[in-house]
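Numbering (the UniProt record's numbering), first residue to last: 1 to 1059. What follows is a short report on a single structure.
Written out as structure tokens, the structure is:
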């Protein structure tokens, strides 16, 4: 397959391009180095910035932690008597206020005793969220809250709003169902140091935070200090400032196992829940709603994505669902969290919670209260270790251990239905998954959505979630409800009506938000865990703390910075900043873009110079290219050196000049060699047979003489003819030398055939021997008759003499006919046939002594001897058939009639040739030398300046009237050089004196014969006249012919006459 040639470009473009590329590469390296070092500098800046930020935030958190712990310890030493003075709580409030003023980030300070007497002072400046949650106005500085029993035993909540001077602006009194002794922060009576709770939702005004608490020594009371997580998030945002939200850094305060304490990423993703259809409520229902106090609703800590808390804030599918119900009905829900499921159930049973949500209806729960319509349904699924065989039936786990969260009401029913499956309960998912990984249980059973979410949050484990279990989901309800106390059953129709009113579009939106969009895509907005496994890994690998770490997170390049946050409460927490690499690169982006812009601008300005810079190279190279074109055109005499100050170009110039001279010498040597070979071939053809003698040597000389005469002609149709250069003259000369090169393939006995019966020898001797036999047979017959009739001797001898004389005459006639000197008339041909009918007696087998090929040629049946044979015969073995059809390449344009046989040596057939000695087969074989010459020459790879050699050398037997061979061309097809060779070939053949088969003709006879041929349109009459008028014929004769052939030619007879 030929290789595709690549596109070439100019050397000026190359030089200019190399200059531009070198400049571009230099600039690119410089820009890359600038980018690299700027990036490193930016990373150092980011590291330094976040290190300072981390130090600031850590200091803030530690101070907050220390101040809260210290404040708790300080107030724990205060005697409870200050709190017993219920008629005047202002002295204690002012004391709390002093502490809150000193620590403005603390949300509140409160004290409670075993009698559920509770007093709290709230710092309204601790967070802007507080004012949004209360009825406070801008002038309010403090909110004071008490939960006490009045004289009638009713539990009352009083809320006071005061300015900074403790002047009461407003007081709000309402029933209370808040019991501090049931709160998790109160249950610290045995602790000696402050206890810090997990984030939860504060009862008053529903804000999230953490509580530091400590029992008052010697008293059955507890002192507590609250901090709100919003103040931490605000501090994060204040210290991590960015130009736009796309570059916002993610900040997390989290525990060692990845649970989020605070973050600036806890805003929920945008997901619009469609509006509800208006709920048709009766007046009685509206009155009931207005008279109903806020309902306390359970909120689990860790049942995501259905029901969970994030930094104490209620989150999840069911929370959004309950909020829709609240909005539709006007009921108020206060979520109670910070408690385990068992504690929530206990709170519901003792009246601290009004509604327990996400509970199933089964034999274990049928007596806990009144159930609403189903809120939602979740099928049960299994999670196992990875690469476990998929199962869709719980019954397949017979003999195995299955883990479940403690508190599932369905557990007793499962134990009864599947006694062969051992159920092991765990207080948390963390412990259940640890048991699964350690092999303590074979699977964990849980609702499908919960399992998928937990697996997506399980950083260090590889678990497999199985399809929903058919048998459990068919035998047990997978619906979840709200349950109310019987006392609140009046609200049940309203709640059911609101549940039924929730549209399919709303449920679809909730599913997309909580159950679909985030599966496998951890996000702090939907989880209580940090969203990146790397953060947990760094927290557990102390060597990576306080470093800027590069990591691929979620398929995006990020930088992490993690440091520890000390805690006065003894809880170890971690502060982390996650920033996109884009933020780092943005600091160097503008600088690099500016550098690129400047570089491109300079390069554009340098483009004209780059073009000019190429001139010292391009100009001499172009001149050298012109010199190579001279070599290509073989104009060696015009070659010259190209001067250049560039050494390599000067060396190239001298090399090109020397190369041209060497090519010239080599070309001349090759030309001389080729012409010598051509002359050698021509001489070999002439030496092959005396019948061609010096023909191949003399025709070129005569042709050159005549071509010079034509070029010298300045009138007539030849005045415009000129060979364009010496190459064309050489082309003509070589063609003349090769004009009979095909004769090298012609058999000698055909070329040398001087008589009709000649083959490899002259068969006239064989014929004569037959006459000799007839002569002797006649004498023998006469002698035999004489012996029988002696008295008839005179008559017999007279008869013998007559017969022998007839034999002499017949043989003489046959011998004369064999020479072929005269035209054979019909009478002579008939006489030959009559003579051939005579017979002679053959006494020997004619098949003896033959070669295998001769034996194959005989197809006639053998006859016994002696036998009579004709004196002259045309036998089958005289014919040499063709071995196959003779076909020529159409491109050669051969147009000849091919005889049926290759050779025909028939004696009668040859002797009856009318003119000359050649049969049709012999003449075709001789003429075939032209075809052989064409094929030989067409195969030679002649250079372009010799491309017409095959044509010139193969047309000297053509005629103007189209009767020539081998192409039967006409005068319109023949050029002047071809016409010259026609005349040269004929004149040399007629005047050659070295051919043994004919006598040389005087030039006058030759000219006369040629004139008649010209009249017959055998060749060009005008060229023939020029041949005569220019004296070319005579110059040739004087050079190559003996004087005896040079006679007077009457030129006027031919030049001025044309009939």
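A virtual CB, placed ideally from N, CA and C, is assigned to each residue, including glycine.
Shortest alpha-carbon distance to residue i belongs to which of the options?
i	options	result
residue 49	551, 561, 830	561
residue 1102	598, 1023, 856, 754	This structure gives no information on residue 1102, because the portion of the chain shown stretches from 1 to 1059.
residue 667	727, 615, 411	727
residue 462	479, 437, 473, 900	437
residue 936	888, 380, 32	888
residue 838	891, 773, 800, 848	773
residue 819	302, 861, 683, 764	764
residue 989	966, 974, 1015, 957	957
residue 450	404, 999, 866	404
residue 276	324, 185, 33, 347	324
residue 409	423, 251, 401, 398	423
residue 352	182, 313, 116	182
residue 130	208, 178, 185, 74	208
residue 1052	134, 44, 1031	1031
residue 416	456, 370, 472, 72	472
residue 306	447, 370, 802	447
Less than 6 Å between C-beta atoms, sequence neighbours within five positions excluded: which residues of the same chain meet that for residue i?
i	result
residue 320	510
residue 599	27
residue 771	807, 811
residue 568	With a pLDDT of only 49 at residue 568, under 50, the local geometry of the prediction cannot be trusted, and the value read off the model is given with reservation. Once the five neighbours on either side are set aside, the close Cβ partners of residue 568 are 65, 66, 69.
residue 903	880, 921
residue 342	407
residue 670	none
residue 523	Low per-residue confidence applies at residue 523: pLDDT is 46, beneath 50, and the placement is therefore not dependable enough to give any value.
residue 258	529, 530, 536
residue 246	Caution is warranted here: a pLDDT of 48 is assigned to residue 246, below 50, making its placement in the model unreliable, and the coordinate value is therefore given only provisionally. Excluding sequence neighbours, residue 246 sits near nothing in its chain.
residue 629	none
residue 85	Its pLDDT being 43, under 50, residue 85 is placed unreliably by the model, and nothing is read from it.
Tell me, please, which residues DSSP counts as bridged to residue i.
i	result
residue 170	161
residue 961	970
residue 196	212
residue 826	The partner list for residue 826 (beta bridge, DSSP) is empty, contrary to what the question assumes.
residue 1006	None, per the DSSP bridge assignment.
residue 1060	Outside the displayed range of the chain (1 to 1059) lies residue 1060, so it cannot be described from this structure.
residue 251	577
residue 303	307
residue 1056	In DSSP, residue 1056 forms no bridge with anything.
residue 226	108, 211
Check whether the Cβ atoms of residue i and residue j lie closer than 8 Å to each other.
i	j	result
residue 624	residue 642	yes
residue 227	residue 111	no
residue 481	residue 389	no
residue 1040	residue 1003	no
residue 757	residue 767	yes
residue 986	residue 1027	no
residue 295	residue 331	yes
residue 338	residue 215	no
residue 559	residue 579	yes
residue 911	residue 814	yes
residue 318	residue 357	yes
residue 225	residue 57	no
Going by beta carbon distance, what residues of the same chain come within less than 8 Å of residue i, once the five residues before and after it are set aside?
i	result
residue 674	734
residue 349	368
Excluding the 5 residues preceding and the 5 following residue i in the sequence, name in chain order all residues of the same chain whose CB lies nearer than 7 Å to its CB.
i	result
residue 386	462, 463, 464
residue 1061	Coverage of the chain is limited to positions 1 through 1059, which leaves residue 1061 absent and any answer about it impossible.
residue 842	865, 866, 867, 869
residue 874	906, 907, 908, 909
Would you please verify whether the beta carbon of residue i is less than 8 Å from any beta carbon of chain C?
i	result
residue 343	In the structure shown, chain C cannot be found, because there is only a single protein chain.
Alpha helix (DSSP H) runs contained entirely in the region 717–784, provided each spans 4 or more residues: For the alpha helix (DSSP H) assignment, the uninterrupted runs of no fewer than 4 residues enclosed by the region 717–784 are, from N- to C-terminal side, 726–737, 748–751.
Output the residue ranges of the alpha helix (DSSP H) runs that lie fully inside the region 917–954 and measure 4 residues or longer, sorted by chain position. 920–939, 949–953
Enumerate, from N- to C-terminal direction, the unbroken alpha helix (DSSP H) stretches of 4 or more residues contained entirely within the region 1011–1040. The region 1011–1040 contains, as complete alpha helix (DSSP H) runs of 4+ residues, the segments 1021–1029, 1032–1040 (chain order).
In chain order, each alpha helix (DSSP H) run of at least 4 residues that lies wholly inside the region 323–408: 341–349
If we require 3 or more residues per run, which beta strand (DSSP E) segments fall completely within the region 455–500? 463–465, 479–484
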